[in-house]
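Chain order of the listed sequences is Z and H.
1 is the number of the first residue of the first sequence in my numbering; add one for each residue after it.
1 is the number of the first residue of the second sequence in my numbering; add one for each residue after it.
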Amino acid sequence: MGIVSRTSVADVMVGVRPVRVALFGVEGTSTTDIIETPTVGATVDQLTATYQAHYRSLLRLAALLLDDLSSCEDVVQEAFIRVHAARGRVRDPEKTLAYLRQTVVNLSRSTLRRRILGLRLLPKPMPDMASAEEGAYDALERAELKTALKGLQRRQREVLVLRYFADMTEAQVADLLGISIGSVKAYGSRGLAALRTRMEATGG
Amino acid sequence: MADAPHLREPDGEDEVRAMLQRYVSAVEPAPDALRHIRTQVPRRRARRRQVGTGLVAGFLLLTVAAPRFTDLGLRPPGEPNPIATFAQSGDSESPSPRPSASSSPSVSPSPTLSASEPASTESGSATESGKASGAPVRAGTTTAVAPAGTPTTAAPSTSASSPSLPTALSACQRSDLGRTSTSSGQEDSRGRRVGWFTLYNTSGRVCTVTDSYSMRSVDGGGQQQVEIIYLHTAGDPATELPNPSTPSPSPVGPSTLKLDPQDGVRVEFEWVPTPSCQSAVGNPSGPTTPASTVTLEYFPPTGGAPLQLSYPSRCAGTVYRTNAMEEESNGTIETP
């Protein structure tokens, strides 16, 4: 993608007339208008558009699914590479986010993650999660939540994160995880209960 | 949310939402994330394509391709390189291996090429060449194609794999590749130049091409000798060409490219003057030999009229060429 790499998002928007969509919108915002307008000669940089729209939120999704923060970046980058390498998946922008999320969830499961991490040449420093302004309270909450999430069943954790962080419906979560809506409800309610118990146990 | 211990209890869904958001609010993308993805995507695609091509081609060679050679009058494995055929046929008319519509029902009738198809503005020259049976495409100042002027052959023609893509994969027809672009590049201080031949899929449908390795030089009447056109490999003198990412194409033959609408198939070449002459090029008092014209022809993988370009050189030299590469509609080049 060497040539395109110098193309900024602004260039993309110039080349395509109807720019109705905020590229930097919240997760779930569709970039359909930009990508589905194949103006002849326009340079449509799908990768930049998708990156701008979804990368950060997917990174945070991965951070909630993984205990080890240093691998979030690897998982999300790998998901972007896989989804963009399969052209059919970026051709339908409505589904691109769904593919990306699904890939992030799948890669976050430990067995696959080990495979990716095995490919890494250099260890990366742990991202510094605590900002300077963060109070002791937030740090405490984070530590408790981390422990609580760690103690959840894999499925419970996935359902909670997808439902409440990614704001997906139960049907969407069911579709992504390949389970029934009933299972999503069950994992969700049990997950919430487990989370509450664990937070109380550590914090209360 | 009254006192501290209860604040951290996820009593309601909204609290869970807020807590999860706070938990990751400091997580930010690495500065090089986009760059990393950008470099990896083409590599991954190339890898996928290679695996896919090998499997599909192997299967289809066994099932579909063999009977179709006779049907379509295409070159079966082991028969001479199409270059020879083209050369013998002279330049007034190019052979058209395009199958009739009845023999390939799944190939939809190719849309008529519009004369208004934008011509490329690349340096060098660009030509419209829509008709499969049209006259050879001439670029710029070329002399006539010498009917017997075939001093060169394509390099690894031993692979001799089928250029006849099965209709299941919707092989590109010459008329699908309605827009062409050629460039003879700019001569550098050593007398080298990098140019290309590109054909764009203007058909509006996805189709595939298989590299035919058919590039030749045409005797332009000058005294300069043009060496055989080699397929570029890593470590050879053609240092300006992109290295093939893998040592050999697929085991069953040249790689097949899938061209989306507006994508192009591109072959780049590098002209490398002989070393003795190279050093003299940058020298103002250099070679006294008058420049003569080197003319290259590239036969599209679909068959049909060759693309042609010319450039002056005062040196003898060698032409190296790449495998067919895919140029995406957004300008990205993918090295197979």
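Backbone N, C-alpha and C fix where the C-beta goes; we use that ideal spot for every residue, glycine too.
Out of curiosity, what's the CA-to-CA distance linking H/Glu328 and H/Val41?
13 Å
Which residues mark the beginning and the end of the beta strand (DSSP E) in which H/Pro273 is found?
Gly264 to Pro273
Would you say the beta carbon of H/Thr233 comes nearer than 7 Å to a heavy atom of the ligand ADP?
Judged by which ligands are present, the structure shown has none, so any question about the ligand ADP falls away.
Of the residues that make up the region 26–41 of chain H, which ones have a beta carbon closer than 9 Å to any beta carbon in chain Z?
Under the 9 Å Cβ criterion, the region 26–41 of chain H contributes Ala26, Val27, Glu28, Pro29, Ala30, Ala33, Leu34, Arg35, His36, Ile37, Arg38, Thr39, Gln40 and Val41.
Z/Ile181 touches chain H at which residues, Cβ-Cβ below 7 Å?
Simply none; closest approach about 17 Å.
Decide yes or no for the touch test of the region 19–33 of chain H against the region 167–177 of chain Z: beta carbon pairs closer than 8 Å, at least 3 of them.
no
When DSSP labels each residue in this structure, what does H/Pro339 get in the three-state scheme?
No answer is possible for residue 339 of chain H: it lies beyond the span of chain H, which begins at 1 and ends at 336.
DSSP three-state label for H/Ala171, please.
strand
How far does the alpha helix (DSSP H) with H/Met19 in it extend, from its first residue to its last?
Glu13 to Val24
How close, in whole Å, do the beta carbons of Z/Leu47 and H/Arg38 come, if the pair is a contact with beta carbons under 8 Å?
6 Å
For H/Arg47, does the count of other Cβ atoms within 10 angstroms reach 16, so buried, or fall short, so exposed?
exposed
Going by C-alpha distance, which of H/Met19, H/Pro275, H/Gln262 and H/His36 is nearest Z/Leu140?
H/Met19
By DSSP, does H/Met215 sit in helix, in strand, or in coil?
strand
Hey, is Z/Val159's beta-carbon within less than 8 Å of any beta-carbon in chain H?
no
Chain Z partners of H/Glu13, CB-CB under 7 Å?
The CB of H/Glu13 comes closer than 7 Å to the CB of Tyr164 in chain Z, given here in chain order.
Under the three-state reduction of DSSP, which class applies to Z/Gln77: helix, strand or coil?
In the displayed model, Z/Gln77 falls within a helix according to three-state DSSP.
Taking the straight line between their C-alpha atoms, what separation do you get for Z/Val104 and Z/Asp167?
16 Å
Looking only at C-alpha atoms, which of Z/Arg196, Z/Arg142 and Z/Leu97 sits nearest to Z/Ala63?
Z/Arg142
H/Pro151 to H/Tyr298, Cα distance in whole Å?
Note that H/Pro151 scores 38 on pLDDT, short of 50, meaning its location in the model is unreliable and no value can be drawn from it.
Suppose the cutoff is 8 Å on Cβ atoms and the five residues either side in sequence are ignored; what does the same chain contact list for Z/Ile181 look like?
Glu170, Ala171 and Ala174
The beta strand (DSSP E) with H/Leu337 in it runs from where to where?
What is shown of chain H runs 1 to 336, which leaves residue 337 of chain H out entirely.
If we ignore side chains and look at the alpha-carbon of each, how far apart do Z/Arg155 and H/Leu199 end up?
50 Å
Looking only at its chain, what residues have a beta carbon closer than 6 Å to the beta carbon of H/Asp14, apart from the 5 residues adjacent to it on each side?
Excluding sequence neighbours, H/Asp14 sits near nothing in its chain.
Work out the CA separation of Z/Leu162 and Z/Gln77 for me, nearest whole Å.
19 Å
State yes or no: is the C-beta of Z/Tyr164 within less than 8 Å of the C-beta of H/Arg35?
Taking a C-beta distance under 8 Å as the contact criterion, Z/Tyr164 and H/Arg35 do not qualify as a contact pair.
For H/Ile229, which beta-bridge partners are listed by DSSP?
H/Val319
Consult DSSP for Z/Ser189 and reduce its assignment to one of helix, strand or coil.
helix
Could you check what DSSP says for H/Arg190 in three-state terms: helix, strand or coil?
coil
Does any CB atom of chain H fall closer than 8 Å to the CB of Z/His54?
no
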